[in-house]
Amino acid sequence: MVPRSVSYWLARSIESPNLNALDLISVVTQLIYVLIFISVALRAVRQPTRAHGDMTLFFGAVAFIILASRVAALVGNAPPWLTTVEIAVLMALPYVLLRLVDDFTHVRSAIKRGAELGLAAGVIATYATAPALPTPVILYVVLYFFGVSIYCAFAFIRAARRSRGVTRRRMEAISLGSILLGTDILIAGLTPLAGPDDRAVLEALGQLLGLGSGVAYYLGFAPPAILRRAWQEPELRAFLARSASLPRLPATLDIVRELERGAANSTGTTARIGLWQDDTSKLRFWNEDETTLDLEPGKHFAGRAFELQRAIFSTDPIRDNPDGAADYRTRNVGAVLAAPITAGERRLGVLTFSAERPPIFAGSDIELAKLLADQAAVILESRALIDHAARVRAREEATRLKEDFLSAAAHDLKTPLTTVVAQAEFLERRATREPSAPADIAGIQRVVRESKRLAGLVGDLLDATRLEQGRLVGEREPVDIATLAQEVCTHDASDLSLCQVEASAPVVGVYDRRRVEQLLQNLVENARKYSPEQTPITIRVWQEDGEARVAVADSGIGIPAADLPRIFERFSRASNVDDRRFHGMGLGLFICRGIVEEHGGRIWVESEVGKGSTFHVALPIADGRRLN
Ligand code: ADP
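For the sequence shown, the numbering used here assigns the number 585 to the initial residue and increments by one for each residue that follows.
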């Protein structure tokens, strides 16, 4: 009987009391299909989605055919109506598969209608000709089955390519299962037409294909947890590899972006992260255009997942969250999954996924989403720790700097102040005791000199503060540096031959005159301070490569090589400088660098201990501003 041959692979074992290898395969195949049916039916009860319903329908149909064939075999001769129903159900199988394809990817309605018409035509033809189906009807049924299954297999492959991780593997398995099942039915249908020798071979092949399809469907529709985890692993590992360096990215937003990208890649959906803001008690999301969106806990899926501290999944977001309906419609969102990002007791935020269609394997996706959210929590937590450590370090550094600053300032201000106070007291006593005595000119000059030094130190302290705020340089005007250098030399040197300017032509740029003068003064003063008395200082001024160049050279004590890298830093003094002999706070060069850099220039030094130093300055000529 023909129908028996079609469902042969499903019920073969019944017919021969002694089980041979092929019969055993048949039994195993049937068992697998029944197991899958039970598994998907249970899942459909727990999570009644359309996809789960269609899966149950598909495997329910297979289970029905298996059962019907067994009943028919037990009864001995199946009633004709049962055969017709069996064939109808068999034909419905690929159609249900097509619905499944449609559950997660689009199937053109022409194809759906064509498959429905084909199914109706097949059922009518079977009903009209049962029980002795003519060969054309068998061929039609078999080819319909084969054609639709293969179409579905390719649709699954196409969809698999767009998906990631577990979902991809599962769809590949389903695709393989569909190819094997389609081919199996084709072979089963053609077997009766073959010669007796070929028939045995085809039957054996049919059994193997049946088993193969069962196993492939099992892996696709109801994979054991261990396999799901193994399939998740590559995606997770890639995510972990990418995320290892994330906590050290410059800004938290960079981390959020990378995490979102990683989560999206791992799931094949759109992923977004909202971070909890303690100050506003809201979840903050960052849009593509850097604008932000603040969400109250409890609102929308993200807010609810955060408040309830559990993953929320919706396959109909418009129904489940009408407040967000407009947004879901414009973004074409058909499924949303939100998982809280929580590290221990600390609620850090929420990770949401959205996709156009509900994922076919929601269970796997929820598992993966939770893993990714946990991973994100680890990364964000370690970022928070790094930030906290940096804040503590910065606080300590600021305190240390303040202490350094105060002690340096107090120390340096104290010396001239003590002199001024002592000298002034002395003058006062003298004037009180001997009002008619001539003025102590030398004493008064000392007071003036030390007061000026004091004023200079206070000026340096103020400049250092201005420099921190980047507002050292003010109004700019055309300045001839060669003339300015000459003025500094003349002003400072008691003996002109000890300060010489070498300049063959004016070098004019647009600078803050007062600050450039202060720069030259600082360098010349240092050259004099750190050189034996009566040794000459040279200032060379020239123009080179569009820059004004200045070199202040002395043949003084020099700077040890080890101190050179930090000589322009605040409070930095070289190790060969004795504090008692050379007064200073280590702010002069720091201010010089500030002046030069605010003009867009460079400053550096060449020095050798015992031989002397040359300080170089290069300032842009064009307009005194940075030229980039
Ligand atoms: P201060 O002179 O107040 O210490 P500066 O910032 O002007 O501060 O200089 C920093 C340090 O650089 C000095 O303490 C000194 O060790 C070294 N230095 C600066 N100019 C010279 C120079 N011309 N020759 C040798 N050492 C110098």
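Yeah, the Cβ is synthetic: ideal placement off N, Cα and C, and Gly gets one too. Given the structure is predicted, the values throughout are model-derived calculations rather than measurements.
Check                                                                                                                    : Outcome
Closer than 8 Å: Asp1138 CB and nearest the ligand ADP heavy atom                                                        : yes
Unbroken alpha helix (DSSP H) run spanning Ile1187, endpoints                                                            : Careful: Ile1187 lies outside any alpha helix (DSSP H), inside the beta strand (DSSP E) at 1186-1192.
Inter-residue Cα distance where the pair is Leu1173 and Pro831                                                           : 37 Å
Continuous beta strand (DSSP E) stretch holding Phe1152: start and end                                                   : First-last for Phe1152: undefined, no H or E at that position.
Asp1147 CB to nearest heavy atom of the ligand GTP below 8 Å                                                             : Inclusion of the ligand GTP in the displayed structure is not the case, the ligand content consisting of the ligand ADP alone.
Inter-residue Cα distance where the pair is Leu1203 and Glu1182                                                          : 10 Å
Helix, strand or coil at Phe869 according to DSSP, with G and I counted as helix                                         : strand
Ranges of the beta strand (DSSP E) found wholly within the segment 913-988, counting only runs of at least 3             : 919-927, 930-939
Inter-residue spacing [alpha-carbon to alpha-carbon] between Gly1194 and Val1161                                         : 12 Å
Length at least 4, wholly inside the segment 778-848: the alpha helix (DSSP H) runs in chain order                       : 780-805, 809-827
Beta-carbon separation (whole angstroms), Arg1060 vs Tyr1114, contact threshold 8 Å                                      : Wrong, their Cβ atoms sit about 31 Å apart, outside the cutoff.
Buried or exposed (CB count within 10 angstroms, at least 16 for buried), Asn602                                         : With a pLDDT of only 49 at Asn602, under 50, the local geometry of the prediction cannot be trusted, and the value read off the model is given with reservation. It counts as exposed.
9 Å Cβ cutoff met for Phe937 and Ala825                                                                                  : no
Lys1195: CB within 8 Å of a non-hydrogen atom of the ligand ADP                                                          : no
Within 9 Å, strictly: CB atoms of Ala800 and Gly766                                                                      : no
The ligand ADP heavy atom lying under 8 Å from the CB of Lys1113                                                         : yes
Check: His1167 C-beta below 8 Å from any heavy atom of the ligand ADP                                                    : yes
Start-end ranges of the alpha helix (DSSP H) lying completely within the segment 726-779, minimum 4 residues             : 749-774
Beta-carbon gap between Val1189 and Ile1151 smaller than 9 Å                                                             : yes
Residues of its chain near Gly1058, where Cβ-Cβ distance is below 7 Å and the 5 sequence neighbours each way are ignored : Asp1096
Run of the beta strand (DSSP E) containing Leu877, from where it starts to where it stops                                : 876-879
At least 3 beta-carbon pairs within less than 8 Å: the segment 922-932 vs the segment 969-978                            : no
Beta-carbon proximity of Thr751 to Ser898, cut-off 9 Å                                                                   : no
Arg1124 versus Val1085: straight-line alpha-carbon distance, rounded                                                     : 6 Å
Same chain only: Cβ atoms within 7 Å of Leu764, ignoring 5 sequence neighbours per side                                  : Leu793, Gly796, Ser797, Ala800
Cβ separation of Ala855 and Glu844, assumed to be a contact under 8 Å, to the nearest whole Å                            : 5 Å
Arg1157: CB within 8 Å of a non-hydrogen atom of the ligand ADP                                                          : yes
Identity of the residue in Glu1153, Val1032, Ala1206, Asp607 nearest Glu1128 by Cα                                       : Ala1206
Helix, strand or coil at Phe1166 according to DSSP, with G and I counted as helix                                        : coil
Local conformation of Ala705 per DSSP, three classes                                                                     : helix
Where the beta strand (DSSP E) through Tyr1095 begins and ends                                                           : 1092-1095
Residue burial classification, Leu969 (beta-carbon count within 10 angstroms, cutoff 16)                                 : exposed
Residues near Thr713 in its chain [Cβ-Cβ closer than 7 Å; skip 5 each side]                                              : Val721
Ser898 in three-state terms, based on DSSP                                                                               : strand
Buried or exposed (CB count within 10 angstroms, at least 16 for buried), Arg1248                                        : It is not possible to answer for residue 1248, since the shown part of the chain is limited to 585 through 1212.
Beta-carbon gap between Gln1007 and Arg1030 smaller than 9 Å                                                             : yes
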